[in-house]
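Enquirer:
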Amino acid sequence: MSSIIDLTGMTAIVTGGGKGIGRTLTTRLLDAGAEVVICGRSAPESLPSAGGRTALFVAADLREPDQIQRVVDATVEAHGRIDILINNAGGTGSVDTATVSPRYHAGIIALNLTAVLNMSCAAYRQMRSQDGVGSIVNISSVAGLTSSPRSVAYAAAKAGVTNLTRSLAIEWAPAVRINTIIAGLILNPGQEEHYGSDGGASVAATIPMGRMGRPDDVADACLMLCSPFAGWVTGANWEVHGGGERPVYQAAAGIV
164 MSSIIDLTGM TAIVTGGGKG IGRTLTTRLL DAGAEVVICG RSAPESLPSA GGRTALFVAA
224 DLREPDQIQR VVDATVEAHG RIDILINNAG GTGSVDTATV SPRYHAGIIA LNLTAVLNMS
284 CAAYRQMRSQ DGVGSIVNIS SVAGLTSSPR SVAYAAAKAG VTNLTRSLAI EWAPAVRINT
344 IIAGLILNPG QEEHYGSDGG ASVAATIPMG RMGRPDDVAD ACLMLCSPFA GWVTGANWEV
404 HGGGERPVYQ AAAGIV
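All residue numbers for the sequence shown refer to this note's numbering, where the first residue is 164 and numbers rise by one.
1. Measure the alpha-carbon distance for residue 362 versus residue 375 and round it to whole angstroms.
2. Check whether the region 206–213 and the region 233–244 touch, using three or more Cβ-Cβ pairs below 8 Å as the test.
3. Measure the alpha-carbon distance for residue 266 versus residue 257 and round it to whole angstroms.
4. Inspect the CB distances between the region 402–413 and the region 188–198 and report whether three or more fall short of 8 Å.
5. Under 8 Å between the Cβ atoms of residue 388 and residue 300?
6. To the nearest angstrom, report how far apart residue 199 and residue 296 are at their CA atoms.
7. Just list the residues that DSSP pairs residue 249 with in beta bridges.
8. Decide if residue 380 is buried, meaning its Cβ has at least 16 other Cβ atoms within 10 Å, or exposed.
9. What residue range is occupied by the uninterrupted beta strand (DSSP E) comprising residue 193?
10. Is the region 301–308 touching the region 320–327 in the sense that three or more CB pairs, one from each, lie closer than 8 Å?
11. What does a CB cutoff of less than 8 Å around residue 310 pick up in its chain, not counting 5 residues either side in sequence?
12. Spell out the partners DSSP gives residue 221 in its beta bridges.
13. Kindly identify the DSSP beta-bridge partner or partners of residue 342.
14. Note down the Cα distance separating residue 207 from residue 177, rounded to an integer number of angstroms.
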């Protein structure tokens with residue numbers, strides 16, 4: 164995708180851009196010609212580099228609004244503008260919903276929903292003052308579309324991101340486009356055991372495309388939404404999940 168998408172002259176922020184899917188997103192944006200600023204609570208062991216450019220890191224806890232503004236200010240100071248924001252940072256653990264601390268639930272929602280809203284607002288205030296149309300892409304999860312036991316707060320937050328995207332797309336048009344990628348089951352290198360003793364083979368068999376997703380699958384879709392090829396796309400929630408999951412009742416009945 165990066166060979167046909169040129170983002171030269173653009174500046175992007177990728178939250179959580181130093182590891183996992185975020186690192187792949189950052190590398191692809193750099194390779195496409197963009198300058199990239201990444202943020203997180205701690206610096207990665209090495210900064211993503213590609214296309215002769217290296218990402219700039221800004222330390223920030225995105226649950227704190229003043230630290231969000233610091234990321235935006237540092238980006239404008241370094242590169243003069245913000246054209247792209249990718250709200251990628253997020254995550255959860257597997258917990259017993261009824262007994263875990265209420266503070267835990269609040270933290271999960273703060274990171275996965277409130278931070279997305281606050282980061283988007285901070286970037287929008289800069290984008291609307293510039294020439295051109297800004298682009299915000301929220302990285303969400305299929306957990307927000309279905310039941311998700313033991314990660315209830317996370318799933319609820321991701322469901323909120325879907326509505327946030329649709330609502331802000333209307334409020335902020337035409338200055339800024341905002342879309343969501345609803346990612347399916349992604350197999351990050353080194354996380355194979357998370358999906359079972361067979362390295363995810365059984366899970367992959369439930370997906371119509373016959374495999375789990377890779378970080379590049381999300382990055383390709385994200386690069387498309389950031390580019391002029393998606394110039395009339397806003398308020399969309401793009402499901403990137405290999406066809407989803409086969410119906411459980413069909414598997415139980417031996418139909419598929």
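Just so you know, even glycine gets a beta-carbon here, dropped at the ideal spot from N, CA and C.
Expert: In short:
1. Numbered from its first residue, the sequence shown carries residue 362 at position 199. Numbered from its first residue, the sequence shown carries residue 375 at position 212. If you take the alpha carbons of residue 362 and residue 375, they lie about 11 Å apart.
2. no
3. Here residue 266 refers to the residue found at position 103 when the sequence shown is read from its first residue. Here residue 257 refers to the residue found at position 94 when the sequence shown is read from its first residue. Approximately 15 Å, taken between the alpha carbons.
4. no
5. Here residue 388 is taken as the residue at index 225 of the sequence shown, counted from 1. Here residue 300 is taken as the residue at index 137 of the sequence shown, counted from 1. Yes, Cβ-Cβ distance for residue 388 and residue 300 is below 8 Å.
6. The sequence position of residue 199 within the sequence shown is 36, counting from 1. The sequence position of residue 296 within the sequence shown is 133, counting from 1. Whole-angstrom Cα-Cα distance: 17 Å.
7. Within the sequence shown, the letter at position 86 stands for residue 249. DSSP output for residue 249 lists 177 and 300 as bridge partner(s).
8. Position 217 of the sequence shown, counted from the first residue, corresponds to residue 380. Answer is buried; the Cβ neighbour count reaches 16.
9. As a working mapping, residue 193 is identified with position 30 in the sequence shown. First-last for residue 193: 183–194, but that is the alpha helix (DSSP H), not the beta strand (DSSP E).
10. yes
11. Residue mapping note: residue 310 aligns to position 147 of the sequence shown, counting from 1. Cβ neighbours of residue 310 beyond the five flanking positions: 318.
12. Locating residue 221 in the sequence shown gives position 58, counting from the first residue. Answer is 202.
13. Locating residue 342 in the sequence shown gives position 179, where the first residue counts as 1. DSSP, once it has assigned bridges, lists 300 as partnering residue 342.
14. Here residue 207 refers to the residue found at position 44 when the sequence shown is read from its first residue. Here residue 177 refers to the residue found at position 14 when the sequence shown is read from its first residue. If I take the Cα positions, the gap works out to 13 Å.
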